[in-house]
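Novice: Below you will find the structure I want to go over with you.
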Amino acid sequence: MIKKAIIPAAGYGTRSLPITKVIPKEMFPINNKPSIQYVVEEAIAAGIDQILIVVSRSKNMIVDYFDDSLELEMFLQKANKSALLDKVKRPNIQIFYTRQAYAGGLGQAVRLGKEFVGNDPFAVMLPDDLIVGRGIKELIDVYEEKNSHVLGLTEVETERLQNYGVIQGSKVEQGLYEIRHIVEKPKQDPPSNLAVTGRYVFTPELMAALEKVVPDQTGEIQLTDGIQRLLAAGKCYGKVLTGQRFDIGSEKEYIDMQHMLFKQQRKDQH
Ligand code: G1P
3 MIKKAIIPAA
13 GYGTRSLPIT
23 KVIPKEMFPI
33 NNKPSIQYVV
43 EEAIAAGIDQ
53 ILIVVSRSKN
63 MIVDYFDDSL
73 ELEMFLQKAN
83 KSALLDKVKR
93 PNIQIFYTRQ
103 AYAGGLGQAV
113 RLGKEFVGND
123 PFAVMLPDDL
133 IVGRGIKELI
143 DVYEEKNSHV
153 LGLTEVETER
163 LQNYGVIQGS
173 KVEQGLYEIR
183 HIVEKPKQDP
193 PSNLAVTGRY
203 VFTPELMAAL
213 EKVVPDQTGE
223 IQLTDGIQRL
233 LAAGKCYGKV
243 LTGQRFDIGS
253 EKEYIDMQHM
263 LFKQQRKDQH
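So the sequence shown is residues 3 to 272, counted in the working numbering.
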């Protein structure tokens, strides 16, 4: 069973500047909830009970958000506003934090969770990618059957493949691939149209693999380089996620997700 998840939330949010100078993109509101809360709820729904959020100096708002708001809760209780009280209560999950001192790459952020994961398999959930659907649970189901690393995949139009890790693999069954090769942000000749979406399940071997990864030309330790090492050593699967994925670093998809939830809410009310 997968009980632990790492959420790397230390990036600068450059795609969403200037607002990310003061508001972390993980705190962007979607229907009055910060986007990271959707990821935490997805983890809870999948049976995960411990989360490590990797923050940076400018992300204290995330830590404050998931804290108890004793004064507010007392106020709502006295005023008999129990529906609101439920909304402000902290999520029912244990959250740990660690800080990434400088932007050393996604691989480095994940590696900071080495002690947190110990000898247990774990999930990695990137809060840029919001998934309306089962999300990480689908990967956990594959992990439980195969006992190997699993990456979340989405089919993407060719023009957009250069923004993602792209896999080459052989189809095992509908929507499931055994990965042979992975290329980070291919400028040309992407090996397929299957892009890595920010959901992963790894065994602790990933941590050992990341220790060996050398920084790229930009000085960053790439998670994809760690995955490449895992591929050389054993099996790794890719599962096409059935849920709808929204990359909230893209203005269009951020707005699309709000529209989608709004429509869903209206439908539920009728
Ligand atoms: C990261 C990964 C990339 C993956 C993407 C998913 O890129 O490096 O392989 O496809 O997340 O969102 P980033 O979005 O941090 O540039």
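Even for Gly, the Cβ is constructed at its ideal location relative to N, Cα and C.
Under three-state DSSP, which class holds Gly-200?
Specialist: Position 198 of the sequence shown, counting from 1, holds the residue named residue 200. Gly-200 sits in a strand when the DSSP states are folded into three classes.
Novice: By alpha-carbon positions, which one of Asn-149, Phe-204, Gln-39, Val-185 ends up nearest to Asn-165?
Specialist: Here residue 165 corresponds to residue number 163 of the sequence shown, with the count starting at 1. Answer by Cα proximity: Val-185.
Novice: Relative to the C-alpha of Ala-210, which candidate in Gln-110, Ser-172, Glu-28, Leu-153 has its C-alpha closest?
Specialist: Here residue 210 is taken as the residue at index 208 of the sequence shown, counted from 1. Nearest option by C-alpha distance: Gln-110.
Novice: Just the C-alpha distance for Ile-181 and Lys-35, rounded to the nearest angstrom, thanks.
Specialist: In the sequence shown, counting from the first residue as 1, residue 181 sits at position 179. In the sequence shown, counting from the first residue as 1, residue 35 sits at position 33. Approximately 35 angstroms between the Cα atoms of the pair.
Novice: According to the neighbour-count rule (16 or more other Cβ atoms, all chains shown, within 10 Å of its Cβ), is Glu-213 buried or exposed?
Specialist: As a working mapping, residue 213 is identified with position 211 in the sequence shown. The residue is exposed, with fewer than 16 neighbouring Cβ atoms inside 10 Å.
Novice: How is the alpha helix (DSSP H) around Phe-77 delimited, first residue to last?
Specialist: If you number the sequence shown from 1, residue 77 lands on position 75. Residues 72-80.
Novice: Does Gly-115 pass the burial test, meaning 16 or more other C-beta atoms within 10 Å, or should it be called exposed?
Specialist: Residue mapping note: residue 115 aligns to position 113 of the sequence shown, counting from 1. Label assigned to Gly-115: buried.
Novice: Using only CA atoms, which one of Arg-17, Gly-221, Lys-187, Ile-8 lies nearest to Glu-161?
Specialist: The residue labelled residue 161 in the question sits at position 159 within the sequence shown. Of the candidates Arg-17, Gly-221, Lys-187, Ile-8, the one whose C-alpha sits nearest the C-alpha of Glu-161 is Lys-187.
Novice: Using DSSP's beta-bridge definition, name the partner residues of Thr-156.
Specialist: In the sequence shown, counting from the first residue as 1, residue 156 sits at position 154. The partner list for Thr-156 (beta bridge, DSSP) reads Ala-197.
Novice: Is it the case that the CB of Gln-102 approaches a heavy atom of the ligand G1P more closely than 7 angstroms?
Specialist: Sequence index remark: in the sequence shown, residue 102 carries index 100 (1-based). Distances between the C-beta of Gln-102 and the heavy atoms of the ligand G1P are all 7 angstroms or more.
Novice: Buried or exposed: where does Arg-101 fall if 16 or more other Cβ atoms within 10 Å of its Cβ makes it buried?
Specialist: As a position in the sequence shown, residue 101 is number 99, starting the count at 1. The residue is exposed, with fewer than 16 neighbouring Cβ atoms inside 10 Å.
Novice: What are the complete beta strand (DSSP E) segments, minimum 3 residues, inside the stretch 12-72?
Specialist: 52-57
Novice: Quick one: complete alpha helix (DSSP H) runs, 4+ long, within the stretch 120-167?
Specialist: For the stretch 120-167, the full-length alpha helix (DSSP H) segments reaching 4 residues or more read 138-148 along the chain.
Novice: Glu-255 by DSSP, collapsed to three states: which one?
Specialist: Within the sequence shown, residue 255 is the residue found at index 253, counting from 1. In the structure shown, Glu-255 sits in a helix (DSSP, three-state: H, G or I).
Novice: What's the call for His-151, buried or exposed, on a 16-neighbour Cβ count within 10 Å?
Specialist: Position 149 of the sequence shown, counted from the start, is the residue given in the question as residue 151. Counting Cβ neighbours within 10 Å, His-151 comes out buried, since at least 16 surround it.
Novice: Are the beta-carbon atoms belonging to Gly-45 and Ala-7 less than 8 angstroms from one another?
Specialist: If you number the sequence shown from 1, residue 45 lands on position 43. If you number the sequence shown from 1, residue 7 lands on position 5. The residue asked about is misnamed: residue 45 is Ala in this sequence, not Gly. For the pair Ala-45 and Ala-7, the CB atoms are nearer than the 8 angstroms cut-off.
Novice: Output needed for Ala-105: all residues of its chain with C-beta closer than 8 angstroms, excluding positions within five of it in sequence on either side, in chain order.
Specialist: Residue numbering aside, residue 105 sits at position 103 when the sequence shown is read from its first letter. Excluding residues within five positions, the ones whose Cβ falls inside 8 angstroms are Ala-12, Gly-13, Tyr-14, Ser-58, Glu-222.
Novice: Can you look up Lys-189 in the DSSP assignment and give me helix, strand or coil?
Specialist: Within the sequence shown, the letter at position 187 stands for residue 189. Lys-189: coil per DSSP, three-state reduction.
Novice: Please tell me whether, using a cut-off of 7 angstroms, the distance from the CB of Gln-224 to the nearest non-hydrogen atom of the ligand G1P is below it.
Specialist: Translated into the one-based positions of the sequence shown, residue 224 becomes position 222. Gln-224 Cβ: within cutoff of the ligand G1P.
Novice: Using CA coordinates, which residue listed in Tyr-202, Lys-148, Asp-122 is at the minimum distance from Thr-156?
Specialist: As a working mapping, residue 156 is identified with position 154 in the sequence shown. When each option's Cα is compared against that of Thr-156, the closest is Tyr-202.
Novice: When the distance is taken between beta carbons, is Leu-128 closer than 8 angstroms to Met-259?
Specialist: Here residue 259 corresponds to residue number 257 of the sequence shown, with the count starting at 1. Here residue 128 corresponds to residue number 126 of the sequence shown, with the count starting at 1. Cβ distance not < 8 angstroms, so Met-259 and Leu-128 don't count as in contact.
Novice: Can you tell me the Cα-Cα spacing of Pro-208 and Ala-125, whole angstroms?
Specialist: Within the sequence shown, residue 208 is the residue found at index 206, counting from 1. Within the sequence shown, residue 125 is the residue found at index 123, counting from 1. Position check: residue 208 holds Leu in this sequence, whereas Pro was assumed. Whole-angstrom Cα-Cα distance: 11 angstroms.
Novice: What does a CB cutoff of less than 8 angstroms around Leu-163 pick up in its chain, not counting 5 residues either side in sequence?
Specialist: Stepping through the sequence shown from its first residue, residue 163 is reached at position 161. Once the five neighbours on either side are set aside, the close Cβ partners of Leu-163 are Pro-188, Pro-192, Asn-195, Ala-197.
Novice: Could you pull the DSSP bridge partners for Ser-172 from this structure?
Specialist: Mapped onto the sequence shown, residue 172 falls at position 170. Answer is Glu-180, bridged to Ser-172.
Novice: I'd like to confirm the pairing. Which residues does DSSP put opposite Lys-241 in its beta bridges?
Specialist: Within the sequence shown, residue 241 is the residue found at index 239, counting from 1. In DSSP, Lys-241 forms a bridge with Gly-154, Leu-178.
Novice: Looking at the unbroken beta strand (DSSP E) that takes in Thr-205, where does it start and where does it end?
Specialist: As a working note, residue 205 is residue 203 in the sequence shown. Note, Thr-205: premise wrong, no beta strand (DSSP E); not H, not E.
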